[in-house]
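Undergrad:
Structure, rendered in structure tokens:
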């Protein structure tokens, strides 16, 4: 797995699928999907927890990556932790600076990163393509109501394949040559609160064939405090970090 901080951060911005509050009853699938796609573009802030599970289909070796973030889009600020089996990464972004630390030492470094912040924000707003694909394929989407929630399921596996190949789903930005397999294990679902029309969770899974074998990628996300994250505060040890030079390796930022 490529240890590239920019990719680890980017994944958080490819999953944002938020619907705005509505008190009106929405009777039809078409109206729900259109409201979903329209209001998903209006996210202001959120907390999110993401778990990636990568399973080697040849030997069942499993890699779990756990990510937790708080995001505010305007002005952009972020708190992020990425937990892997052998090390953790911690990131803050605020006032066009990026602050990073890696376990076990947790020596905080500060970098000027206006370009990267702009790229992350662009990745959020470019998600319009995902919403347009959903809106233009309502006949290929199943809508169910289960225990007070809406379950939106993409029925056409080729839509999911297209989203993965275009790097529009979380955890799919790897440029390694691969083939998305169309089989019984590919799926994509959004879980939406019926009363607030806000997302509760997102999950997708696909088998992906590489030169070295087949892996199953399953990514799940849970949303909290949508549009209610008001401030991200830097701890003293982060605020006091010295400006660092660029260096190669995990915490390299281009």
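Residue numbers (the working numbering): 1287 to 1540.
Just so it is clear, CB atoms sit at the ideal spot from N, CA and C, and this is done for glycine as well.
1) If we require 3 or more residues per run, which beta strand (DSSP E) segments fall completely within the segment 1306–1347?
2) Which same chain residues, not among the five before or five after residue 1310, have their C-beta less than 8 Å away from its C-beta?
3) Considering only their Cβ atoms, is the gap separating residue 1440 from residue 1426 smaller than 8 Å?
4) Can you tell me where the beta strand (DSSP E) with residue 1448 in it begins and where it stops?
5) Within 10 Å of its beta-carbon, does residue 1517 have 16 or more other beta-carbons around it, so buried, or fewer, so exposed?
6) For residue 1485, which beta-bridge partners are listed by DSSP?
7) Counting Cβ pairs closer than 8 Å, one from the segment 1520–1533 and one from the segment 1347–1362, do we hit at least three?
8) Could you name the residues of the same chain whose beta carbon sits closer than 7 Å to that of residue 1479, not counting the 5 residues immediately before and after it, in chain order?
9) Under the three-state reduction of DSSP, which class applies to residue 1531: helix, strand or coil?
10) Got a sec? Which residues, its chain only, sit under 6 Å from residue 1446 by beta carbon, not counting five neighbours each side?
11) Starting from the C-beta of residue 1360, find all residues in its chain whose C-beta is less than 8 Å away, skip the five residues before and the five after it, and write them out in chain order.
12) Measuring CA to CA, which of 1391, 1357 and 1363 is closest to residue 1373?
13) Can you confirm whether the segment 1508–1522 touches the segment 1322–1342 when touching is taken to mean that 3 or more C-beta pairs between the two stretches lie within less than 8 Å?
14) How many angstroms separate the CA atom of residue 1396 from the CA atom of residue 1462?
15) With 16 as the cutoff for other CB atoms within 10 Å, does residue 1378 come out buried or exposed?
16) How would you label residue 1418, buried or exposed, when you count the other beta carbons within 10 angstroms and need 16 or more for buried?
17) Where do the N-terminal and C-terminal ends of the beta strand (DSSP E) with residue 1431 fall, by residue?
18) Can you tell me the Cα-Cα spacing of residue 1343 and residue 1498, whole angstroms?
19) Can you tell me the Cα-Cα spacing of residue 1522 and residue 1394, whole angstroms?
20) Just curious, the alpha helix (DSSP H) that residue 1525 is in, first and last residue?
21) Apart from the five residues just before and just after residue 1320, which ones in its own chain have a Cβ nearer than 7 Å to its Cβ?
22) Report back the beta-carbon spacing between residue 1382 and residue 1398 to the nearest angstrom; my notes put them in contact at under 8 Å.
23) Can you name, in chain order, every residue of its own chain whose Cβ lies under 6 Å from the Cβ of residue 1335, other than the five neighbours on each side?
24) Alpha carbon to alpha carbon, how far is residue 1384 from residue 1460?
25) Could you say which of 1469, 1405 and 1481 lies nearest to residue 1433 if we only look at CA atoms?
26) By Cβ distance below 7 Å, which residues in the same chain neighbour residue 1431 in space, the five residues on each side in sequence not counted?
TA: Looking at the atomic coordinates:
1) 1331–1342
2) Bear in mind that a pLDDT of 48 at residue 1310, under 50, signals an unreliable position, so the number given afterwards is only what the model happens to contain. Contacts found: none.
3) yes
4) Unbroken run through residue 1448 is the alpha helix (DSSP H), 1443–1451; no beta strand (DSSP E).
5) exposed
6) 1478
7) no
8) 1435 and 1486
9) coil
10) 1440, 1472 and 1474
11) 1330
12) 1391
13) yes
14) 30 Å
15) buried
16) exposed
17) 1427–1432
18) 11 Å
19) 11 Å
20) 1522–1525
21) 1421
22) 7 Å
23) 1354 and 1508
24) 22 Å
25) 1481
26) 1480
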